[in-house]
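Structure first, commentary second.
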Amino acid sequence: MTRLALERVSFTYPSGVRALADVDLVVEPGERLAIVGQNGSGKTTLVRHLNGLLRPTGGRVLHDGVDIAEERVARLAATVGLVFQDPGRQIFAGRVRAEVAFGPRNLGRRRRQLDEAVDGALAAVGLADAADANPYDLGYSRRKLLALAGVLAMGTPVVVLDEPTTGQDARGVARIAGIVASLHAQRRTVVASSHDMRFVAETFTRVVVMRAGRIVLDGTPEAVFAEENGAVLASTFLAPPAAGLVGARLGLGSTPTERALLEALGARDAGDD
Amino acid sequence: MLEIRAATYRYAGVARPALRDVDLALSDGEIVGVVGANESGKSTLCLVASGLAPASIGGSLGGGSLVVDGRTMTERPLHELAGVVAIGFQDAASQLSGVAATVFEEVALGPMNLGLPLVETVERTREALAALRIGDLAERRPTQLSGGQAQLVVLASLLAMRPRHLVLDEPTAQLDPDGSRLVGQALARLAAEGTSLLVAEHRTDLLDRICTRIVVLDEGRVVATGPASDVLADPRLHGWGVEPPARVRLASEIAAAGLWSPPIDAALVEALG
Amino acid sequence: MPTAYHRLNPLTKMTVAAAGSVAALAVGGYVVPLAVAAAMLLGASVAHLAGRLLGLSLLVSLPIAVSVVLVSVFTRVGTTVLFSIGPFDATLQGADFAGQTLVRLLAIALSVGLFSTTTDPRALVADLERRGAPPRLAFVALATVEAVPTLAERARVIAEAQRARGLDTEGGLVARARGLLPIVGPAILSSLTDVEERSLALETRGFTRPGRRELLWSVPDSARQTFARRLLLATLVVLVAAHAARLV
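Below is the structure:
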């Protein structure tokens with residue numbers, strides 16, 4: 000199980016754009032963490048530091064207390080699997096199976112272990128029936144699920160998802176939420192960057208809000224989306240999920256999930272009796 | 000007016016039709032939303048509406064036709080539609096021309112290709128960039144844009160052509176909530192000026208705000224059509240793989256839990272608009 | 000900082016390069032190619048590029064130059080032997096032939112080099128279109144120019160994705176070689192599928208529309224340059240004709 004840490008991490012792109020400014024973040028093993036923020040707030044830059052794709056220009060990134068600066072990305076892939084936002088750029092196999100097998104094969108899985116990893120991943124994303132299809136025959140959203148399967152099959156202790164729900168329909172989003180839950184049940188860490196506040200509130204237990212390369216809020220969905228943080232949240236051009244807005248309107252406190260809203264309503268009604 | 004009549008579309012080499020007997024009419028100033036699960040035919044409908052199917056991508060339209068401003072388009076050369084119908088696809092990066100050195104040039108290409116005088120080309124380009132608030136990206140190289148930025152640039156390049164009919168396939172997929180709102184406003188303004196719009200989207204909250212009518216596709220067939228508020232309140236949406244807008248969803252969950260009351264409904268409307 | 004030479008119309012620069020190359024090639028000898036070389040270096044110094052251009056041209060011509068020298072010096076039929084290595088005689092005639100070939104080579108390399116280092120392909124294509132070339136030609140030419148950096152960028156993005164899936168691209172030579180297919184394959188494949196999607200998008204943006212268009216890029220030209228171009232071409236014709244006449 001791997002503990003991830005960013006210590007005063009700064010990152011400036013060669014073009015001079017400063018994407019991260021003195022970010023401190025610790026992710027404990029098994030956490031379900033969502034990173035939210037506007038486009039350009041540094042979300043994607045941050046997640047790319049977790050597996051060494053980007054190296055900090057200041058500060059350091061640690062896996063279990065060890066600086067990963069000297070470690071190659073290919074080696075770090077055994078610990079942190081990253082699913083990119085755009086699936087199109089990495090597909091090279093002629094068959095879905097072979098595509099999913101690429102990652103675990105690189106990590107040394109063979110024969111039965113490999114087959115089990117691939118089958119499991121395909122089943123999890125719902126592509127088991129398309130195992131022999133050509134990846135380019137799948138639509139955009141199914142290709143995204145394929146990319147996810149490719150990382151799930153690697154069995155990494157940490158799974159990082161960059162905008163996993165964009166382009167997915169309702170069933171696709173539900174499926175991904177289910178995958179996050181099952182990863183958590185396997186005591187694996189899940190970190191996701193997302194625009195979908197509802198998905199974030201319903202699926203993750205910790206939310207980090209970014210603005211201009213810094214973390215401005217960090218806590219449970221209840222805490223982060225509470226009314227007292229309203230001004231900070233507004234400054235990042237984000238709004239709480241619908242359930243939270245309604246709960247605030249009704250004076251029920253912070254109810255970022257639908258269940259919390261219903262519970263609070265039920266409690267209020269019970270209290271009124 | 001853009002009309003699709005009795006369209007049954009089959010991709011080349013695929014037995015199952017992607018669209019079955021679809022009729023759709025778009026009047027000037029209307030914003031029609033298309034919703035449905037992935038693989039339900041939304042993208043195909045967009046391709047047919049823009050004239051690209053079957054003209055450019057092959058396949059057959061099976062007796063149906065596309066009629067734009069009174070002229071049947073199915074036997075006409077595609078370039079006649081340039082400036083009349085514009086289409087934006089799901090994957091923004093693949094729509095950048097690859098010949099523009101800056102974003103400004105990229106957006107100016109459309110008007111230039113229409114043979115407009117230089118002065119007008121520049122003016123339209125500036126307007127389009129301003130409408131989507133991406134004026135600061137004008138000197139950027141198109142290859143260095145993030146997914147969300149590319150999506151806005153592509154949309155700007157379509158706006159610059161001032162088409163009479165605009166077809167958009169998931170125009171906000173990679174945008175943050177603020178960007179999504181901005182696009183919604185820009186589209187609403189376009190419609191107010193007489194453009195007719197067809198927007199395929201998963202984000203029913205956005206469609207709820209801007210659409211006059213909504214069409215639901217399921218396995219290539221139109222299963223529901225009508226005023227936006229009616230269709231989005233249809234209880235069958237879930238079965239068709241469509242997520243209702245937050246307002247509708249929360250209202251039905253609250254009702255299912257037996258907690259509904261008029262003040263709650265009022266709060267829903269106030270909080271979620 | 001664009002110099003006076005940079006700011007010349009692309010067609011002018013192209014005419015200079017073409018005239019120089021044709022003159023050196025057609026007339027031969029030592030005088031004309033060296034004069035062309037000197038003229039190009041003069042132009043290059045106006046453009047503050049003389050040193051760079053010379054270095055570049057020498058570098059580019061070096062491989063051919065070496066083989067030309069080796070072959071010609073020893074195998075040309077000649078009467079005056081300079082020295083011998085084994086069964087091979089180095090003749091004066093051979094050396095002379097090699098010398099003439101080398102200066103021709105240098106003149107052409109400098110001509111083409113001066114043109115390409117001072118001309119933006121976009122400006123050239125835009126100018127040609129202004130003079131009546133079809134817009135589609137412009138598009139194909141520019142897309143070709145952009146193709147290499149685009150492919151390189153795409154390969155970089157793919158390499159990142161594959162490394163994140165455990166592909167070792169930073170190891171030994173064998174590892175790097177094995178690592179190429181999962182990068183090259185998708186780079187080409189995605190480029191091809193992209194071409195299809197991109198061309199669809201471009202159709203609706205009017206790229207296949209017939210007719211002229213007013214271009215965003217304006218390239219300066221002047222009556223003086225037009226005159227200079229015509230003069231240059233006329234001089235070339237006269238030169239080549241005179242040379243041909245002398246031969247006859």
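Residue numbers (numbering that gives the first Met the number 0), protein chains in the order written: chain A, 0 to 272; chain B, 0 to 272; chain C, 0 to 247.
Where a beta carbon is used, it is the ideal one built from N, C-alpha and C, also for glycine.
Keep in mind that this is a model prediction, so the values were computed, not measured.
- The C-beta of asparagine 133 (chain A) has fewer than 16 other C-beta atoms within 10 Å across all chains shown, which makes the residue exposed.
- For the segment 47–83 of chain B, the continuous beta strand (DSSP E) assignments of 3+ residues that do not extend past its boundaries occur at 64–67, in sequence order.
- Taking 8 Å as the threshold, the shortest C-beta distance from serine 145 (chain B) to chain C does not fall below it.
- Under the 8 Å criterion on CB atoms, glutamate 145 (chain C) is classed as non-interfacial with respect to chain A.
- Residues of the segment 156–169 of chain C with a C-beta less than 8 Å from any C-beta of chain A: Val156, Ile157, Glu159, Ala160, Gln161, Arg162, Ala163, Arg164, Gly165, Leu166, Asp167, Thr168, Glu169, listed in chain order.
- With 16 or more other Cβ atoms inside 10 Å of its own Cβ, serine 96 (chain B) counts as buried.
- Residues of the segment 188–216 of chain C with a C-beta less than 9 Å from any C-beta of chain A: Leu188, Ser189, Thr192, Asp193, listed in chain order.
- For tyrosine 135 (chain A), there is no enclosing alpha helix (DSSP H), since its DSSP letter is neither H nor E.
- Shown here is that no member of the segment 233–245 of chain C has a Cβ falling below 8 Å from a Cβ of chain B.
- Judged by their CB atoms, valine 214 (chain B) and valine 221 (chain B) are nearer to each other than the 8 Å cut-off.
- Neighbours of aspartate 207 (chain B) in chain A, taken as residues at a C-beta separation under 7 Å, are lacking, since the least C-beta distance is about 12 Å.
- Taking C-beta atoms under 8 Å as the contact rule, valine 231 (chain A) and leucine 216 (chain A) qualify, at a distance of about 6 Å.
- Two segments are said to touch when three or more pairs of C-beta atoms, one from each, lie closer than 8 Å; by this definition the segment 129–141 of chain B does not touch the segment 177–191 of chain C.
- Contact annotation, valine 59 (chain C) with threonine 100 (chain C): C-beta distance approximately 15 Å; criterion of less than 8 Å not satisfied.
- Setting aside the 5 residues that flank it on each side, threonine 155 (chain A) is surrounded in the same chain by Ala76, Ala77, Thr78, Val79, Gly80, Arg187, each with a C-beta closer than 8 Å to its C-beta; the list follows chain order.
- Against chain A, a Cβ distance below 7 Å from glycine 178 (chain B) picks out Asn38.
- Taking 8 Å as the CB threshold, alanine 123 (chain A) stays off the interface with chain C.
- Looking at the DSSP output, glycine 125 (chain A) sits in no beta bridge, so it has no partner there.
- Take isoleucine 107 (chain C), set aside five residues on each side of it, and the residues of its chain with a beta-carbon closer than 8 Å to its own are Gly19, Ser20, Ala23, Leu24, in chain order.
- With respect to chain A, the C-beta atom of glycine 93 (chain C) has no partner C-beta closer than 8 Å.
- In terms of Cβ geometry, methionine 209 (chain A) and proline 240 (chain A) do not form a close pair [threshold 8 Å].
- For alanine 238 (chain A), the chain B residues whose C-beta falls within less than 7 Å of its own C-beta are Pro176, listed in chain order.
- Using beta-carbon distances, isoleucine 56 (chain B) does not count as an interface residue toward chain A, since no partner is under 8 Å.
- Between alanine 17 (chain C) and chain B, the shortest Cβ-Cβ separation is not below 8 Å.
- Distance from the CA atom of proline 53 (chain B) to the CA atom of tyrosine 8 (chain B), rounded to whole angstroms, is 8 Å.
- Under DSSP, leucine 25 (chain B) forms a beta bridge with B:Leu1.
- Counting along the chain, valine 102 (chain C) sits inside the alpha helix (DSSP H) bounded by residues 91–117.
- When the beta-carbon positions are compared, arginine 59 (chain A) and alanine 68 (chain A) come within less than 8 Å of each other.
- With a cut-off of 8 Å on Cβ pairs, the segment 94–104 of chain A is not in contact with the segment 21–40 of chain A, counting fewer than three such pairs.
- If you keep only unbroken beta strand (DSSP E) runs of at least 3 residues inside the segment 220–254 of chain B, you get 220–226.
- Closer than 8 Å at the C-beta level to chain A, one finds these residues of the segment 214–243 of chain B: His237, Gly240, Val241, Glu242.
- Of all residues in the segment 161–188 of chain A, those with a C-beta nearer than 8 Å to a C-beta of chain B are Glu162, Thr165, Gly166, Gln167, Asp168, Ala169, Arg170, Gly171, Val172, reading in chain order.
- Residues Leu113, Met160, Pro162 of the same chain have their beta carbon placed closer than 7 Å to that of glycine 82 (chain B), with the five preceding and five following residues left out of the count.
- Counted as a single uninterrupted DSSP element, the alpha helix (DSSP H) harbouring glycine 177 (chain A) occupies residues 169–184.
- Secondary structure at tyrosine 139 (chain A): helix, using DSSP grouped into helix, strand and coil.
- Around the beta carbon of arginine 228 (chain C), 16 or more other beta carbons lie within 10 angstroms, which makes this residue buried.
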